[in-house]
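Residue numbers (my numbering), protein chains in the order written: chain C, 1 to 335; chain F, 336 to 609.
Written below as structure tokens is the structure these notes are about.
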Amino acid sequence: MRSARRASHLAMRMKGVLTLAIQNSPKSFSVQEMIAAKKQKKGPSSSIEKIVPFLLLLTAIVSVLTTLGIVFTLIVETFTFFGRIPLQEFLTAQKWYPFSETQGSYGILPLVSGTLKVTLIAAIVAVPIGLASAIFLSEYASDRTRRIIKPILEVLAGIPTIVYGFFALTFVTPILREIIPTLEIFNALSPGIVIGIMITPMIASLSEDSMSSVPNSMREGALALGSTKFEVSLKVVLPAAVSGVVASIVLAISRAIGETMIVAVAGGSTPNLNWDITSSIQTMTAYIVQVSQGDAGYGTTIYYSIYAVGFTLFVFTLIMNLLAQFIARRFREEY
Amino acid sequence: MTATIEKQKVLEKQGDNKSSKQPKDIVYKTSELNLWYGEIQALKNIDLDIYEKEVTAIIGPSGCGKSTYIKTLNRMIELVPGVKTSGEIAYRGRNIFDKSYGVEELRTKVGMVFQKPNPFPKSIYENVAYGPKIHGIRAKKILDEIVEKSLRGAAIWDEVKDRLNQNAYGLSGGQQQRLCIARCLAIEPDVILMDEPTSALDPISTLKVEELVQELKEEFSIIIVTHNMQQAARISDKTAFFLNGEVVEFAETDKIFSTPSDKRTEDYITGRFG
Ligand SMILES: Nc1ncnc2c1ncn2[C@@H]1O[C@H](COP(=O)(O)OP(=O)(O)OP(=O)(O)O)[C@@H](O)[C@H]1O
Ligand SMILES: [Mg+2]
């Protein structure tokens with residue numbers, strides 16, 4: 001009854017608005033006529049329509065060509081390197097000591113172990129914290145909290161890595177040395193932890209995106225079966241978001257593998273093939289920095305070695321990406 | 336530990352169901368229930384007694400508070416921020432708004448089927464096994480049995496028995512809805528709440544779900560919201576007519592549809608407004 005009365009009231013008011021609008025307009029017009037008139041005047045804009053896709057294609061080609069160029073240079077210089085140093089030595093030799101022209105040793109394994117140690121420590125720090133933060137933000141935090149924290153995370157991701165590097169060297173390492181007296185000044189642990197801190201916001205933010213895009217109806221379905229909020233997060237939302245979560249983790253780990261400044265500043269420059277995280281290391285990236293800064297002449301073996309190391313790095317990130325795609329496809333829960 | 340307790344509960348329940356020849360008990364007693372979304376009052380002074388092993392239909396025009404009421408019964412309404420209630424809903428004699436009443440406990444007893452089918456993005460098997468699993472039932476053999484029994488109970492076993500490990504989203508809408516009913520049956524609830532369970536389905540799937548509801552009421556108490564008057568008349572024992580957040584009339588379905596005592600009920604069921 002009341003709603004019926006309200007509706008008729010509303011209808012009356014709306015009628016008033018309509019007649020008012022019609023009275024105000026000077027003369028009656030047809031929308032179709034106006035569109036036709038506009039079309040007449042559209043002369044030059046139609047040629048823009050034709051040029052735009054061409055321009056867009058051009059920019060796309062430029063970026064693709066640049067990438068291909070980089071990969072091409074990398075491969076060519078890497079081949080030159082392997083013309084001098086056998087691939088087998090590169091893959092199996094236990095020492096990386098390129099600075100002597102006569103008794104140099106070019107085994108990539110020590111550099112790989114440096115990279116892996118740091119990456120592993122970073123992942124151990126970042127994956128649990130990042131996922132926990134993502135679950136908190138997506139499932140527990142109020143809208144307000146989320147609106148405050150998300151931008152902060154994105155700012156954190158934008159801090160220059162050199163800042164993190166000195167944070168590792170001058171803040172984290174001294175603290176760690178209080179706890180572990182045998183820790184060297186340059187070590188794998190401190191930069192590993194700091195890289196972990198650096199990539200945590202990335203995992204948190206990207207995982208949160210994919211978790212909060214899981215439809216609410218699924219949470220409701222699970223809650224209605226008597227699940228607790230935590231069970232819903234862990235057993236329904238997280239699995240449903242798995243492809244995005246895995247992608248965020250892999251992306252973050254790729255960044256850890258490629259991270260340069262932090263390890264160059266706080267990791268040291270001693271390539272060692274071992275699993276000791278307290279002693280000085282050198283990662284693949286840090287080696288490239290070291291050589292680029294020094295005066296390795298063009299054409300020397302050292303010069304070509306940075307391409308071989310760079311190529312190895314490239315292979316690593318490529319594998320990570322393929323892995324991500326495989327995992328995401330294998331565990332995808334479609335909805 | 337929890338697993339054995341739950342199993343025992345399940346067994347006790349089965350015992351209950353077999354020996355149900357006594358006079359019907361009240362499952363839900365709603366007294367003077369008011370509910371506000373912020374400042375807007377959506378339910379006004381609701382008094383309703385819902386009996387066990389019956390189908391109770393809730394009808395009324397759009398926006399009259401049907402979904403609000405049914406979601407209050409398992410406290411899903413609390414997910415909406417800014418909801419306030421006053422009054423009491425007693426489920427099996429205990430006020431569900433009591434501080435000591437855990438929502439999880441309530442929702443383990445009171446299942447819900449939603450308007451739009453909302454299976455989990457998991458396999459058909461995992462969808463049905465989800466409920467028992469989170470309540471601590473782990474043994475594969477028992478789970479297998481529960482899954483089959485529930486799928487049979489929801490009249491979908493024959494259609495899916497060969498594809499239990501496929502994703503539930505490969506099913507048709509009607510099959511998905513019956514899967515959701517199976518998921519709900521898997522924890523053997525006492526009450527099943529259904530909010531327009533057939534409004535997203537085609538006529539044949541609708542018919543299947545309606546037949547299913549008829550069978551399920553032998554074992555469960557069912558409260559169903561529907562926009563479809565024929566559906567209410569076909570499947571329910573009692574009908575409540577809601578209007579603007581109030582219960583205008585609540586009686587045997589036959590009586591509501593043949594000799595309603597309120598003019599507004601008559602207007603609504605004869606299609607004169609709403
Ligand atoms: N989340 C909400 N916030 C504020 N108001 C709401 C909310 N949900 C529902 N309402 C209001 O409460 C009243 C009852 O809504 P409800 O969804 O219970 O109606 P309904 O009877 O289920 O309608 P329908 O048949 O269209 O599903 C309506 O006026 C609606 O606008
Ligand atoms: Mg509704």
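For each residue, glycine too, the CB sits at the ideal point set by N, CA and C.
Predicted, not measured: the structure shown is a model, and the values here were computed from it.
>> Taking 8 Å as the threshold (beta carbon to beta carbon), is Val-245 (chain C) in contact with chain F?
In response: Here residue 245 (chain C) corresponds to residue number 245 of the first sequence, with the count starting at 1. Chain F contact via Cβ: absent.
>> Can you tell me whether Lys-39 (chain C) sits near ligand 2, meaning its C-beta is under 7 Å from at least one heavy atom of the ligand?
In response: Residue mapping note: residue 39 (chain C) aligns to position 39 of the first sequence, counting from 1. False, no ligand heavy atom lies under 7 Å from that Cβ.
>> Please report the straight-line C-alpha distance between Ser-421 (chain F) and Ile-469 (chain F), rounded to a whole angstrom.
In response: Taking the first residue of the second sequence as position 1, residue 421 (chain F) is located at position 86. Taking the first residue of the second sequence as position 1, residue 469 (chain F) is located at position 134. Computed Cα separation, rounded: 32 Å.
>> Using CA atoms only, rank isn't needed, just tell me which of F:Lys-552, F:Tyr-603, F:Leu-547, F:Val-582 is closest to Asn-563 (chain F).
In response: Counting from 1 along the second sequence, the entry for residue 563 (chain F) is found at position 228. For Asn-563 (chain F), the nearest C-alpha among the options comes from F:Tyr-603.
> Between the C-alpha atoms of Ile-121 (chain C) and Met-198 (chain C), what's the straight-line distance to the nearest angstrom?
Replying inline: Locating residue 121 (chain C) in the first sequence gives position 121, counting from the first residue. Locating residue 198 (chain C) in the first sequence gives position 198, counting from the first residue. Rounded to whole angstroms, Ile-121 (chain C) to Met-198 (chain C) spans 12 Å at the Cα level.
> What residues from chain C crowd round Glu-601 (chain F), counting only those whose CB sits closer than 9 Å?
Replying inline: For this step, residue 601 (chain F) is matched to residue 266 along the second sequence. Residues of chain C passing the Cβ test: none, with the nearest at roughly 14 Å.
> For Asn-462 (chain F), which three-state DSSP category applies?
Replying inline: Counting from one through the second sequence, the residue named residue 462 (chain F) turns up at place 127. Note: Asn-462 (chain F) maps to helix in three-state DSSP.
> Name the DSSP beta bridge partners of Ala-425 (chain F), please?
Replying inline: Numbered from its first residue, the second sequence carries residue 425 (chain F) at position 90. Answer by DSSP bridge pairing, in chain order: F:Lys-364, F:Asn-430.
> Interface residues of chain C around Gly-446 (chain F) at Cβ under 8 Å?
Replying inline: As a first step, residue 446 (chain F) is located in the second sequence; it is residue number 111 there, counting from the start. Correct list: Ala-224, Leu-225.
> Counting contacts by CB-CB distance shorter than 8 Å, is Pro-381 (chain C) in contact with chain F?
Replying inline: The requested residue 381 (chain C) does not occur in the structure, where chain C is confined to residues 1 to 335.
> Of all the options C:Gly-244, C:Val-155, C:Glu-220, C:Leu-189, which has the alpha carbon lying nearest to the alpha carbon of Val-415 (chain F)?
Replying inline: What you label residue 415 (chain F) is simply residue 80 of the second sequence in a count that begins at 1. Of C:Gly-244, C:Val-155, C:Glu-220, C:Leu-189, the residue nearest in Cα terms is C:Glu-220.
>> Cutting at 7 Å between CB atoms, please list the residues of its own chain near Ser-212 (chain C), excluding the five before and the five after it.
In response: Translated into positions along the first sequence, residue 212 (chain C) becomes position 212. Only Ser-138 meet the Cβ criterion.
> For Arg-330 (chain C), does the count of other Cβ atoms within 10 angstroms reach 16, so buried, or fall short, so exposed?
Replying inline: In the first sequence, counting from the first residue as 1, residue 330 (chain C) sits at position 330. So Arg-330 (chain C) counts as exposed.
>> Assuming Ser-556 (chain F) is part of the alpha helix (DSSP H), what are its boundary residues?
In response: As a first step, residue 556 (chain F) must be located in the second sequence, where it is residue number 221. It is not in any alpha helix (DSSP H) - Ser-556 (chain F) instead sits in the beta strand (DSSP E) that spans 556–560.
> Going along the chain, which residues of the region 200–220 of chain C sit with their C-beta nearer than 9 Å to a C-beta in chain F?
Replying inline: Val-214, Pro-215, Asn-216, Ser-217, Met-218, Arg-219, Glu-220
>> Only counting the same chain, and skipping five residues up and downstream in sequence, which positions put a Cβ closer than 6 Å to that of Ile-277 (chain C)?
In response: Taking the first residue of the first sequence as 1, we reach residue 277 (chain C) at position 277. So the list reads Lys-117, Ala-188, Leu-189, once near-sequence residues are dropped.
>> Taking beta-carbon pairs under 7 Å, can you tell me which members of the region 65–81 of chain C lie near chain F?
In response: none
> Between Glu-259 (chain C) and chain F, is there a C-beta pair that is closer than 8 Å?
Replying inline: As a first step, residue 259 (chain C) must be located in the first sequence, where it is residue number 259. Closer than 8 Å: no.
> Cβ of Lys-401 (chain F) within 7 Å of any heavy atom in ligand 3?
Replying inline: Ligands present in the displayed structure are limited to ligand 1 and ligand 2, and ligand 3 is not among them.
> Between the beta-carbon of Gly-107 (chain C) and the beta-carbon of Ala-126 (chain C), is there less than 8 Å?
Replying inline: In the first sequence, the residue the question calls residue 107 (chain C) occupies position 107. In the first sequence, the residue the question calls residue 126 (chain C) occupies position 126. Contact flag unset, no.
> Does the separation of the CB atoms of Ile-281 (chain C) and Gly-258 (chain C) fall below 8 Å?
Replying inline: The residue given as residue 281 (chain C) occupies position 281 in the first sequence. The residue given as residue 258 (chain C) occupies position 258 in the first sequence. Contact: no.
> Can you round the beta-carbon distance between Leu-273 (chain C) and Leu-87 (chain C) to whole angstroms, since I take them to be within the 8 Å contact cut?
Replying inline: One-based indexing of the first sequence puts residue 273 (chain C) at position 273. One-based indexing of the first sequence puts residue 87 (chain C) at position 87. Going by Cβ atoms, the distance from Leu-273 (chain C) to Leu-87 (chain C) rounds to 18 Å, so no, they are not a contact pair.
> Hey, Ala-240 (chain C) and Pro-452 (chain F) are a contact pair by Cβ (cut 8 Å); roughly how many whole angstroms apart?
Replying inline: Working through the first sequence from its first residue, we reach residue 240 (chain C) at position 240. Working through the second sequence from its first residue, we reach residue 452 (chain F) at position 117. Ala-240 (chain C) to Pro-452 (chain F), Cβ: 15 Å. No contact.
> Could you give the residue range of the beta strand (DSSP E) that holds Phe-592 (chain F)?
Replying inline: On the second sequence, position 257 is the one that residue 592 (chain F) refers to. It is not in any beta strand (DSSP E) - Phe-592 (chain F) instead sits in the alpha helix (DSSP H) that spans 588–593.
> Are the C-beta of Thr-228 (chain C) and some C-beta of chain F separated by less than 8 Å?
Replying inline: In the first sequence, residue 228 (chain C) corresponds to position 228, counting from 1. Answer yes: the Cβ-Cβ gap between Thr-228 (chain C) and chain F drops below 8 Å somewhere.
>> Within the continuous alpha helix (DSSP H) that includes Leu-408 (chain F), where are the two ends?
In response: Against the second sequence, residue 408 (chain F) aligns to sequence position 73. Per DSSP, Leu-408 (chain F) belongs to the alpha helix (DSSP H) from 401–408.
> For Gly-509 (chain F), which residues from the same chain have a beta carbon less than 6 Å from its beta carbon, with the 5 sequence-adjacent residues on both sides left out?
Replying inline: Along the second sequence, one-based indexing puts residue 509 (chain F) at 174. These residues qualify, in order along the chain: Leu-536, Ser-540.
>> Report the start-end ranges of each beta strand (DSSP E) in the region 225–281 of chain C that is 3 residues or longer and not cut off at the edges.
In response: none
>> Just list the residues that DSSP pairs Lys-530 (chain F) with in beta bridges.
In response: The residue given as residue 530 (chain F) occupies position 195 in the second sequence. The displayed chain sequence assigns Asp, not Lys, to residue 530 (chain F). According to DSSP, which records beta bridges pairwise, Asp-530 (chain F) is partnered with F:Val-560.
> Which value, in whole angstroms, describes the spacing of the CA atoms of Ile-124 (chain C) and Pro-201 (chain C)?
Replying inline: The residue you call residue 124 (chain C) lines up with position 124 of the first sequence. The residue you call residue 201 (chain C) lines up with position 201 of the first sequence. For Ile-124 (chain C) and Pro-201 (chain C), the distance between alpha carbons rounds to 14 Å.
> By the 10 Å Cβ neighbour count, where 16 or more other Cβ atoms means buried, how is Arg-311 (chain C) classified, buried or exposed?
Replying inline: For the purposes of this step, residue 311 (chain C) is taken as the residue at position 311 of the first sequence. For clarity, residue 311 (chain C) is Phe in the given sequence; the question names Arg instead. With 16 or more Cβ atoms within 10 Å of its Cβ, Phe-311 (chain C) is classed as buried.
> Do Ile-393 (chain F) and Ile-522 (chain F) come within 8 Å of each other at the CB atom, strictly closer than that value?
Replying inline: Position 187 of the second sequence holds residue 522 (chain F). Position 58 of the second sequence holds residue 393 (chain F). The answer is no: Cβ separation not under 8 Å.
> Name the DSSP beta bridge partners of Thr-420 (chain F), please?
Replying inline: The residue given as residue 420 (chain F) occupies position 85 in the second sequence. Its beta-bridge partners are F:Leu-370.
> Can the beta-carbon of Ala-168 (chain C) be found closer than 8 Å to that of Ile-262 (chain C)?
Replying inline: Sequence index remark: in the first sequence, residue 168 (chain C) carries index 168 (1-based). Sequence index remark: in the first sequence, residue 262 (chain C) carries index 262 (1-based). Cβ atoms of Ala-168 (chain C) and Ile-262 (chain C): closer than 8 Å.
> Which of the three DSSP states, helix, strand or coil, is assigned to Ile-22 (chain C)?
Replying inline: By one-based count along the first sequence, residue 22 (chain C) stands at place 22. Because the pLDDT of Ile-22 (chain C) is 49, which lies under 50, any placement of that residue in the model is unreliable, and the number read from its coordinates should be weighed accordingly. It is helical.
>> Rounded to the nearest angstrom, what separates Ile-477 (chain F) and Val-548 (chain F) at their Cα positions?
In response: Taking the first residue of the second sequence as position 1, residue 477 (chain F) is located at position 142. Taking the first residue of the second sequence as position 1, residue 548 (chain F) is located at position 213. The straight-line gap from Cα to Cα measures roughly 25 Å.
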